[in-house]
Every structure is written in C-alpha cells, then in structure tokens.
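Comments concern the structure below.
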Amino acid sequence: MGHAASNLAILGLQWGDEGKGKVVDLLSPRFRHVVRFQGGNNAGHTVVVNGQSIALHQVPSGALHEGCFLVVGSGVVLNLDVFQQEIDRLKARGIDVTGRLLLSEKAHVILPHHIALDRWREGGSNPIGTTGRGIGPCYEMKAGRMGVRLGDLLSPALLPDRIRQGYEEVRLRVGTSVELPPLDAIVDDLRKVSAPFLPLIGDAQAHLYAAWRRGESILFEGAQATLLDIDHGTYPFVTSSNCSLGGLFTGTGLPPQALGGVLGIAKAYTTRVGAGPMPSELHDAMGQRLREVGKEFGTTTGRPRRCGWFDGPITAHACRTNGVHGLAIMKLDVLDGLDEVGLVTGYRDGEGRVSTRIPSCAPDWDALRPEIRMLPGWKTPTRGVTDPASLPKEAQTYLAALTETVECPLAYLSTGPDRHEGCIYPDAFLGDALRS
Ligand code: GDP
Ligand code: IMO
Ligand code: MG
13 MGHAASNLAI LGLQWGDEGK GKVVDLLSPR FRHVVRFQGG NNAGHTVVVN GQSIALHQVP
73 SGALHEGCFL VVGSGVVLNL DVFQQEIDRL KARGIDVTGR LLLSEKAHVI LPHHIALDRW
133 REGGSNPIGT TGRGIGPCYE MKAGRMGVRL GDLLSPALLP DRIRQGYEEV RLRVGTSVEL
193 PPLDAIVDDL RKVSAPFLPL IGDAQAHLYA AWRRGESILF EGAQATLLDI DHGTYPFVTS
253 SNCSLGGLFT GTGLPPQALG GVLGIAKAYT TRVGAGPMPS ELHDAMGQRL REVGKEFGTT
313 TGRPRRCGWF DGPITAHACR TNGVHGLAIM KLDVLDGLDE VGLVTGYRDG EGRVSTRIPS
373 CAPDWDALRP EIRMLPGWKT PTRGVTDPAS LPKEAQTYLA ALTETVECPL AYLSTGPDRH
433 EGCIYPDAFL GDALRS
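Add 12 to a position in the sequence shown, counting from 1, and you land on the number used in the numbering used here.
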C-alpha cells in the first residue's frame, strides 16, 4: 500500500472561511494530487500570492502549482458554467490546468432549477441564509435518486429523461411564482457547457486508489466546516454535505487507511455567514472591528460575516469529530493592537450551569451565553511573523490558552494572507511536511 502517512486532510473547524485555501496552497507543492471531495460553488477559497488575491470556488486550491494533479471527487456538486469561468479566469492569470484535471463521473451537476428552488425557498419564512447557488436542492436530488451526474453527460441522448423528474418536481413545488427555463433549453445549455469537460470525466475513485497504492501523496481539501456539516453542525443552519471527516471517505471512495493525518483549520476568532446559532457573536464595536480589520465579507456572496471571539467548545467539538492531529490557527494578526482578547471557554445555560457541551438541536442553543475569559492583548504586531519564538509574550499566552481549550496542539500559525506570512511549529505532527 502507498504512504498513507503523507496523505493529509485540511478541514475547517468553525463555520467556514477559516483560511483553508491559503493552507492548501501553502502545502500543495508537497503533494501530487489535490482533491475536493464535497461542497460546490458555495465554497470560496482565497489564495494570496505576492499581494494578488485569487478566489477559487470549485477548482482545488492546488491549482497554482503546476505539479499538482487536481481531482473533483464524487461528493462534490458542480456548476459547470461557474467551473468554466473559473478555469478561464485562472488561464487569464497564466495558470493552466489542462492535462491535470479529473472530474468524478459520480459527482452531481447543479442545474438552473436547483438554483431557482434554493432562492425561492430562501425567500420564504425560514431562510437559512444559503449562498443561493442551488447546493441544497442538488444534494436533495442526489438523495432523491433523481440527480444528474457528470457521467450522465457522456450519454447525451439520455439527458432529457435524466433531468425531467427533478425538473417537474421543482416546477410543482414553485408553481407559477418562479419562471423556470424550458427543459429543452436546460438540456441544450448543459450539452454546450459540458462539451469541453467530457474528456476529463472519469473514474476518480480508481485514479485516487491507484495513486495511493503507488505511494503518490494526496492532499484532501475540505470545503465549508464542521459546524456547517449536515449531521454534526448546527442543524438546520448548515450546508447539505458532510464537511467533516466522514465526507472525505464518501466523497472520494477511498478507505480510512489512505489517510495519514488531519490538519484542522480555525481562525484566531470566530466568524459565520448566514443564520443560526453563534454564541460567541459580538454585536458591539468589537465585532465591527474584527469584521473591518479581518476583511470579513464573504468570498462567494460578499455578505458581511458575523464576528466573535474564538469559541473553544465548538472548535473542540470539531477536533473530536475529525480526529484532528494538529491545528492551523489563522489570522492572528487581526487581533493585533487590542487591549484585551477574549476566549470562549464554555456556555452558561438558563439555569446558570456552565458546560462545554454542544447542543444537538437548534433551540437548545438559544439559552446559552458564552463564558468569556479575557486575556491581555499585545501591541507589537504579529503580522508577517515567521518564528513562533518572536511572537509577543501575550500572543504566546493567548495561543497556549486557546490550544488548551480545544486540547489540540498547534501545527501552523498564520500571520497574514500571503503564503510566506506564517509560522511552522517544527515539533508538531506536520513538521516535516511544512518545513521548507
Ligand atoms: P476558506 O474558505 O477557508 O478558504 O477561507 P476564505 O478564503 O473564504 O477566507 C479567509 C480570508 O482570510 C481570505 O481572504 C484570506 O486571504 C485571508 N487570510 C488567510 N490567512 C490570513 C491571515 O493569517 N491573516 C489575514 N489577515 N488574512 C488571512
Ligand atoms: P468555504 O468553503 C462560509 C453557509 C451559508 C449558509 C449555509 C448553507 O468558503 O468555507 P449553502 O449555500 O451551502 O446551502 O448555505 O452554509 N456556507 C458557508 N459559509 N463558508 C463557506 O464555504 C460556506 N458554504 C456555505 O452561508 O449559512
Ligand atoms: Mg471561504
């Protein structure tokens, strides 16, 4: 068998936008294959190189490294229009993915009526605050056995029949309130937009299995994050895929033995886009400051992100759910210059009891108030620091308290958006992989 020890998963530990894109880009040169295994273009992963920012939605964030082979796994839902635009944008910036891209024939296709249904539902009385990209309806169609898979595009004559049932069900649901494109037009557009991709559609499971057996290294790029996981997140305010570790196996078809380690990604504070519980949210000037300094506006939708202190209990829950070996703490520099920095260490319920337990049901979150430990801030900037020993003493104390609340060691610390802005913890499990 291949060297599972070198295969690594990058998973978000909060509500998304932790900085997964930066870490995947940073580590990609050490990996032969970079794989997306769930989510779709609800994801927005930003990579910054020499001050130039590139947002990726469906193309794996290893794209910037020519030696990386890019795989879109079976658990992904793909919007082919957006995918084409993304590839064109990359090309315009001198990044060519030709010859190093494989799309799973089992991945599902996002269709116009999925997007229409997503937006129609969000206009109703119980909005989730979705990205409006048709993600939920596409996964619903998959579970309802009426989805369209990339492999179906290889038999174009069968496409109208493949699409019809889902299309008719959406039409019944939205009635005349939403104008859907005619089925013929959807089929025609799909044939056109999919044409350049047909040669890239294949057996991604077999490709990855063979790569693993040959000992080629694989980096698994999570999208969204554990608190948005459809089973283990803050249901119903979640996305429609398993963004925690289980989704890696179903979304690639690889067995657990193929995985060597899990790097969990978390910001030094907490953000969330869309509705749902967030006990650490700051509604005051401090929340506003974090948003402005951290540029906390969605990569995909531009919406302002809700901001709060680092939430120990949710991140600890994510570490347990994913078997995280080491933490990458991102955006420490955003906390530079504060008098005090807060850390949520537990929640107090309506009866005054304090616990670190994570409720399973949405209403149980309402009564919880965060227990916040305030620690001294630091005046010396951490921006761009590359040696953990030269961090201000107060920042070191804060990080020690943070890792204690989640019971997981630090493997990487990010101190700015650019590739070179960050510290490696050489004694952590990633030491060799991260050392340049
Ligand atoms: P992802 O969805 O997890 O890939 O994260 P996003 O790309 O949506 O959001 C993370 C944002 O933070 C991006 O704009 C990154 O360029 C930026 N970023 C990443 N690491 C750092 C950091 O250490 N400091 C600062 N200031 N920005 C960072
Ligand atoms: P990355 O990969 C942050 C959120 C949406 C909404 C909920 C459901 O960049 O971390 P959906 O469109 O998926 O049905 O929306 O999930 N959401 C994200 N929030 N980062 C993301 O991706 C997200 N993808 C979905 O805001 O609350
Ligand atoms: Mg993002």
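Even glycine gets a Cβ: it sits at the ideal position worked out from N, Cα and C.
The three-state reading of DSSP puts Ser253 in coil, since its state is none of H, G, I, E or B. When only Cα atoms are considered, Gly135 and Pro388 end up about 44 Å apart. Per DSSP, Met153 lies in no beta strand (DSSP E) segment; the continuous alpha helix (DSSP H) that holds it begins and ends at 147 to 155.
For Asp323, the enclosing beta strand (DSSP E) covers residues 318 to 323. If you draw a straight line from the Cα of Ala169 to the Cα of Arg203, it comes to about 10 Å.
Under a 10 Å Cβ-count criterion, Thr143 is classified as buried, with 16 or more other Cβ atoms of the shown protein chains found around its own Cβ. Checking the DSSP bridge columns, you'll see Gln64 partnered with Val61.
For Arg365, the number of other beta carbons within 10 angstroms of its own is below 16, and it is reported as exposed. Per DSSP, the beta-bridge partners of Glu352 are Pro388.
As a beta-bridge residue in DSSP terms, Glu233 pairs with Ile22, Arg48.
Closest in alpha carbon position to Pro208, among Gln97, Gly106, Thr262, is Gln97. In the displayed model, Ile436 falls within a strand according to three-state DSSP.
In this structure the stretch 25 to 39 lies against the stretch 69 to 89, because at least three pairs of beta carbons, one per stretch, are closer than 8 Å.
Of the heavy atoms belonging to ligand 1, at least one sits nearer than 7 Å to the Cβ of Ala55.
In the three-state scheme derived from DSSP, where H, G and I count as helix and E and B as strand, Met298 is classed as helix.
At a cut-off of 7 Å, the beta-carbon of Thr427 counts as near ligand 1: some heavy atom of the ligand is closer than that. Proximity of the stretch 248 to 267 to the stretch 143 to 157 meets the contact definition, three or more beta-carbon pairs being nearer than 8 Å.
With a cutoff of 8 Å on beta-carbon distance, Thr327 and Val418 are scored as near each other. Here the stretch 50 to 59 makes contact with the stretch 77 to 91; the two share three or more CB pairs at distances below 8 Å. Take the alpha-carbon of Ala287 and the one of Gly178: they are about 27 Å apart.
Remark: C-beta atoms of Ile122 and Val109 do not approach each other more closely than 8 Å. In this structure, the alpha-carbon of His244 lies about 15 Å from that of Gly276. Ligand 1 has a heavy atom closer than 7 Å to the beta-carbon of Asp345.
At the C-beta level, Thr398 and Gln26 stay beyond 8 Å of one another. When the alpha-carbon of Ala119 is set against those of Ser86, Thr368, Ser402, the nearest one is in Ser86. In summary, Leu68 is buried, with 16 or more beta-carbon neighbours lying within 10 Å of its beta-carbon over all protein chains present. Secondary structure of Phe309 (DSSP, three-state): strand. At a cut-off of 7 Å, the beta-carbon of Asp29 counts as near ligand 3: some heavy atom of the ligand is closer than that.
Excluding sequence positions up to five before and after Glu293, its CB lies within less than 6 Å of the CB of Arg318, Gly320, all in the same chain and listed in chain order. Beyond the five residues adjoining it in sequence on each side, Phe43 comes within less than 6 Å, by CB distance, of Ser229, Leu231 in the same chain, given in chain order. Between the C-alpha atoms of Pro194 and Ile140 there is a straight-line separation of about 28 Å. When only Cα atoms are considered, Leu403 and Tyr437 end up about 13 Å apart. Residues of the same chain with a CB within less than 7 Å of the CB of Lys32, apart from the 5 flanking positions on each side, are Ile22, Gly24, His57, Glu233, Gly234, Ile277 in chain order. For Val88, no beta strand (DSSP E) encloses it, and the DSSP letter there is neither H nor E. By the CB criterion at 8 Å, Asp323 and Pro291 fall inside the cutoff. If you check the C-beta of Ile147 against ligand 2, you find a heavy atom less than 7 Å away.
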